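>
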Amino acid sequence: TVGAVALDQAGNLAVATSTGGIEGQAKGRVGDSPVLGGGTYASNDSCAVSCTGDGEVILRGALAHEVCALVKYQGLPLAEACQAALRLHDDKLKGDKGFIALDPQGRVAIEFNTNVMRRAYRVGEAAPYIAIYQDE
Amino acid sequence: MTLYAIAIHGGALTMKPGELSEEEAAFQRVGLGKALHAGWLILNRGGTALDAVEAAVRSLEDNPHFNAGRGSSLTRQGEAEMDAAIMDGRTLQAGAVTGVRYVQHPIGLARAVLERSPHAFLAGDGALEFALACGLPLAAPSYFQTDKTRQQWLALAQQESNQLAGHD
């Protein structure tokens with residue numbers, strides 16, 4: 176799954192997510208990526224989030240919307256909201272999860288529980304950050 | 008100073024560090040940089056966040072090293088069946104598609120659903136027919152397959168065939 180979140184100079188957020196699914200998946204299987212609130216969500220009053228990982232787990236947790244709701248209603252900073260969503264119902268929602276998120280203040284959060292998460296971000300004119308492995 | 012920012016993720020078939028070759032990792036880093044720049048350039052020039060995320064994802068869909076568009080995983084039947092979604096945080100307008108075949112840029116189709124249909128989510132044949140009606144570029148099934156996805160699909164098919172060996 177690939178995805179992007181952005182904040183433009185007018186202060187608007189957006190998200191896009193696209194996927195080829197999982198290898199050998201059943202015909203007609205739908206994961207989290209195209210489901211609004213599941214793997215993809217954006218609202219100017221909270222944040223923009225794109226998810227990757229075990230689609231069924233992320234979908235059952237409605238995790239993209241969970242991050243936005245934690246920011247909006249609980250007032251959590253973006254990174255803490257992503258960490259909380261990562262741990263949400265940890266006993267019932269076990270699996271690989273990764274989030275990229277961005278808020279209207281231009282704060283980027285990237286949280287994941289896997290060894291590999293190919294990711295990159297750039298804020299304004301600052302140098303771009305590009306990484307693959309967990310410890311980069 | 009005006010604030011703008013972009014972040015991306017680029018999932019691929021290989022999830023374990025030990026299985027990811029240095030050469031493949033290098034291709035992926037270049038691909039991430041290219042996609043990031045495509046979106047960043049739009050933001051830097053004063054473009055919209057919606058245009059920026061679409062451009063970044065299109066770049067990753069074009070790149071066979073990532074699991075979307077060209078390079079997608081294959082279904083049990085050996086086909087690429089793709090999903091995509093896009094959402095505008097300003098208006099809460101959204102477009103999503105699932106089970107899409109042949110459409111070169113599923114994210115472009117999701118954007119068309121957002122802008123040119125009264126709906127938020129189209130599936131399968133309906134999504135494909137909408138892509139045709141919008142004149143979006145299509146590609147043959149082979150376009151979406153790579154050597155790696157074909158090999159992985161063959162390995163899975165062989166495994167399934169072996170499991171069935173004891174049955175009539």
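Residue numbers (our numbering), protein chains in the order written: chain A, 176 to 311; chain B, 8 to 175. Glycine included, every Cβ here is placed at the ideal spot set by N, Cα and C. Quick caveat, the model's predicted, so the values are computed rather than measured.
What three-state label does DSSP hand Tyr150 (chain B) in the structure shown?
Along the second sequence, one-based indexing puts residue 150 (chain B) at 143. In this structure, Tyr150 (chain B) counts as helix in the three-state DSSP scheme.
> Cα-Cα, which of B:Val110, B:Ala59, B:Lys41 is closest to Thr194 (chain A)?
For the purposes of this step, residue 194 (chain A) is taken as the residue at position 19 of the first sequence. Among B:Val110, B:Ala59, B:Lys41, the Cα nearest to that of Thr194 (chain A) belongs to B:Val110.
> Between which two residues does the alpha helix (DSSP H) holding Tyr248 (chain A) run?
Residue mapping note: residue 248 (chain A) aligns to position 73 of the first sequence, counting from 1. 238-249 is the span of the alpha helix (DSSP H), which, as asked, contains Tyr248 (chain A).
> Starting from Gly228 (chain A), trace the beta strand (DSSP E) both ways and give me its first and last residue.
Position 53 of the first sequence, counted from the first residue, corresponds to residue 228 (chain A). First-last of the beta strand (DSSP E) with Gly228 (chain A): 223-228.
> Strictly below 8 Å CB to CB, what residues from chain A border Ser149 (chain B)?
As a working mapping, residue 149 (chain B) is identified with position 142 in the second sequence. Here the premise fails: no neighbours, minimum Cβ distance about 15 Å.
> For the beta strand (DSSP E) holding Phe137 (chain B), just list the boundary residues, first then last.
Taking the second sequence and counting its residues from 1, one reaches residue 137 (chain B) at position 130. Not the beta strand (DSSP E): Phe137 (chain B) falls in the alpha helix (DSSP H), residues 131-141.
> Could you tell me which of A:Ala185, A:Gly199, A:Tyr216 sits nearest to Gln166 (chain B), measuring between CA atoms?
Within the second sequence, numbered from 1, the residue matching residue 166 (chain B) stands at position 159. Ranking A:Ala185, A:Gly199, A:Tyr216 by Cα distance to Gln166 (chain B) puts A:Gly199 first.
> Check the DSSP bridge columns for Ile15 (chain B) and list the partner residues they point to.
The count along the second sequence starts at 1 and reaches residue 15 (chain B) at position 8. A:Ala179, A:Ala295.
> Among all the DSSP beta bridges, which residues are the ones paired with Asp95 (chain B)?
As a working mapping, residue 95 (chain B) is identified with position 88 in the second sequence. In the DSSP output, where bridge partners are listed per residue, Asp95 (chain B) has A:Ala189.
> Is there contact here, the stretch 272-282 of chain A with the stretch 33-47 of chain B, by at least three beta-carbon pairs under 8 Å?
No contact exists between the stretch 272-282 of chain A and the stretch 33-47 of chain B.
> If you run the structure through DSSP and keep just helix, strand and coil, what is Leu145 (chain B)?
By 1-based counting over the second sequence, the position of residue 145 (chain B) is 138. It is a strand residue.
> Can you check which of these residues, B:Leu163, B:Gly17, B:Gln152, B:Asp132, is closest to Val64 (chain B) by C-alpha distance?
Indexing the second sequence from 1 puts residue 64 (chain B) at position 57. Minimum Cα distance to Val64 (chain B) is reached at B:Gly17.
> Near Gly230 (chain A), which residues of its chain fall below 6 Å by C-beta distance, leaving aside the five closest residues on each side in sequence?
Position 55 of the first sequence, counted from the start, is the residue given in the question as residue 230 (chain A). Gly206, Asp207.
> Counting only Cβ-Cβ distances shorter than 7 Å, please list the residues of the stretch 94-123 of chain B near chain A, keeping chain order.
From the stretch 94-123 of chain B, only Met94, Asp95, Gly96, Arg97, Leu99, Ala101, Ala103, Val104, Thr105, Gly106, Pro113, Ile114 have a Cβ closer than 7 Å to chain A.
> What are the boundary residues of the alpha helix (DSSP H) that includes Val120 (chain B)?
Within the second sequence, residue 120 (chain B) is the residue found at index 113, counting from 1. Taken as a continuous stretch (DSSP letters only), the alpha helix (DSSP H) holding Val120 (chain B) covers 113-123.
> Find the nearest neighbour of Thr215 (chain A) within the set A:Lys267, A:Arg204, A:Leu188, A:Ala201, judged by alpha-carbon distance.
For the purposes of this step, residue 215 (chain A) is taken as residue 40 along the first sequence, with counting starting at 1. Nearest option by C-alpha distance: A:Leu188.
> Looking at the unbroken alpha helix (DSSP H) that takes in Phe34 (chain B), where does it start and where does it end?
Residue mapping note: residue 34 (chain B) aligns to position 27 of the second sequence, counting from 1. Segment 29-51, the alpha helix (DSSP H) holding Phe34 (chain B).
> Report the three-state DSSP secondary structure of Gln166 (chain B) (helix, strand or coil).
Taking the first residue of the second sequence as position 1, residue 166 (chain B) is located at position 159. Here Gln166 (chain B) sits in helix by DSSP.
> Does Ala138 (chain B) get closer than 7 Å to chain A when you measure Cβ to Cβ?
Along the second sequence, one-based indexing puts residue 138 (chain B) at 131. With 7 Å as the cut-off, Ala138 (chain B) does not count as an interface residue toward chain A.
> Does the structure place the stretch 294-303 of chain A close enough to the stretch 38-51 of chain B that three or more beta carbon pairs sit under 8 Å?
Counting Cβ pairs under 8 Å, three or more are found: they touch.
> Anyone know if the C-beta pair for Ala181 (chain A) and Val60 (chain B) falls short of 7 Å?
Counting from one through the first sequence, the residue named residue 181 (chain A) turns up at place 6. Counting from one through the second sequence, the residue named residue 60 (chain B) turns up at place 53. Yes, the Cβ-Cβ distance between Ala181 (chain A) and Val60 (chain B) is below 7 Å.
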